[in-house]
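In what follows, a structure is listed as structure tokens, so that the remarks can point back to it.
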Amino acid sequence: MIQQFTAAIHAIKESGILTINPRSHDQQFPALVLAAGRASRMGHYKQLLRVPGRGTLLDNAIGQARQLSAQITVVAGAGYPLVRFRCHRQPASWIVCDNWQAGLAESLKAGVAALGPRVLGVFVVLGDQPLLDVDGLKQLARQARDNPAKALGASYGRRTGVPAWIPRALWPQVFQLEGDAGAGVILNRAGAGRVEIAGVQQDVDTPGDWRQVRAVLSTEQA
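Just so you know, our numbering puts the end of the sequence shown at 230, numbered straight through with nothing missing.
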């Protein structure tokens with residue numbers, strides 16, 4: 009049993025991708041969790057913040073991504089490998105974005121570049137939105153599978169953002185992004201369909217944000 013467990017979590021480094029579980033159950037509809045940033049406004053690696061009853065903030069994000077796909081890749085950068093070591097929920101693979109300091113666009117490009125030829129598109133999840141509604145995520149997953157060619161994103165009122173589904177036809181635009189420009193730029197340009205996902209407006213960037221989110225999470229756990 010111990011040998012089987014050890015084999016299951018053994019990491020193999022190949023072409024910059026650190027593979028944990030090579031078995032793919034959802035190859036055409038993979039998900040990326042973008043968690044490479046330094047979180048300078050937080051003052052320490054926010055990926056390691058403890059979410060009540062859910063492990064770290066990154067553990068929570070991986071759990072959210074599992075509502076979208078069984079094939080999850082975490083794009084890491086700042087704090088690696090500590091962030092990985094502290095993560096209890098393991099994705100299918102890890103990618104280390106060496107150029108993470110250049111902004112969010114680099115993480116997204118690194119993740120998309122690593123996806124295989126059978127992929128129809130990619131779900132994108134951020135590592136710092138712990139209040140996302142599960143039913144909304146499941147609705148995003150269903151709509152993407154019903155029409156993989158259509159871009160989809162969470163509704164932010166007048167704009168569309170992540171969590172999102174970016175079809176393969178839009179990937180050339182991903183590689184044109186620079187700095188902190190993310191999936192939202194592409195989604196809004198493409199007129200992406202909007203999915204209502206409660207909690208998208210409440211991310212964790214500062215200690216004040218975290219106090220507010222923890223208060224909500226603690227109430228949910230009570």
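The beta-carbon is built from N, C-alpha and C at its ideal position, and this holds for glycine as well.
Neighbourhood of residue i by C-beta distance below 8 Å, restricted to the same chain and skipping five residues each side
i: Arg49; result: Asp213 and Thr214
i: Tyr53; result: Arg46, Ala47, Ala86, Gly87, Leu90 and Val91
i: Gln79; result: Ser32, His33, Asp34, Gln35, Phe37, Pro38, Ala39 and Ala100
i: Lys117; result: Val182, Phe183 and Leu185
i: Gly124; result: Gln35
Residue i, DSSP secondary structure in three states
i: Ala47; result: coil
i: Phe183; result: coil
i: Arg31; result: For Arg31, the predicted structure reports a pLDDT of 42, less than 50, and the residue's modelled location is therefore unreliable. A value from the coordinates is still provided. Three-state result, Arg31: coil.
i: Val212; result: coil
i: Ala189; result: coil
i: Ala198; result: coil
i: Ala121; result: helix
i: Ala223; result: helix
i: Ala113; result: helix
Nearest-angstrom Cβ-Cβ length linking residue i and residue j, presumed shorter than 8 Å
i: Gly135; j: Gln55; result: 6 Å
i: Ala206; j: Asp141; result: 4 Å
i: Leu66; j: Val133; result: Rounded, the Cβ-Cβ distance is 11 Å, inconsistent with contact.
i: Ala84; j: Ala44; result: 6 Å
i: Ala198; j: Ala159; result: 5 Å
i: Gly165; j: Glu204; result: Not confirmed; about 11 Å, so no contact.
i: Lys146; j: Gln209; result: Rounded, the Cβ-Cβ distance is 19 Å, inconsistent with contact.
i: Gly51; j: Thr81; result: The Cβ separation is near 27 Å, so there is no contact.
i: Arg222; j: Ser163; result: The Cβ separation is near 25 Å, so there is no contact.
The ligand GTP heavy atom lying under 7 Å from the CB of residue i
i: Gln109; result: By its list of ligands, the structure shown contains no ligand whatsoever, and the ligand GTP lies outside what it can speak to.
7 Å CB neighbourhood of residue i in its chain, flanking five on each side removed
i: Val224; result: Leu139
i: Arg94; result: Leu56 and Thr64
i: Asn107; result: Glu114
i: Arg219; result: none
i: Pro156; result: Leu128, Gly129 and Pro175
i: Leu178; result: Ala159, Ile194 and Ala198
Cβ neighbours of residue i in the same chain (closer than 6 Å, five flanking residues each side left out)
i: Phe37; result: Ser77
i: Gly4; result: Missing from the structure shown is residue 4; the chain here goes from 9 to 230 and no further.
i: Gln137; result: Asp211
Interface flag, residue i vs chain B, CB-CB below 8 Å
i: Ala78; result: The structure shown contains no chain B, having only a single protein chain.
- Query: What residue ranges within the region 124-177 form continuous alpha helix (DSSP H) runs of no fewer than 4 residues, ordered along the chain?
  - Reply: 142-154
If we count Cβ pairs, one from each stretch, closer than 8 Å, do we get three or more for the region 185-197 versus the region 146-153? no
Problem - Sufficient close CB pairs (3 or more, under 8 Å) joining the region 174-181 to the region 96-105 - result: no
### Message
Report the start-end ranges of each alpha helix (DSSP H) in the region 56-106 that is 4 residues or longer and not cut off at the edges.
### Response
65-73 and 90-93
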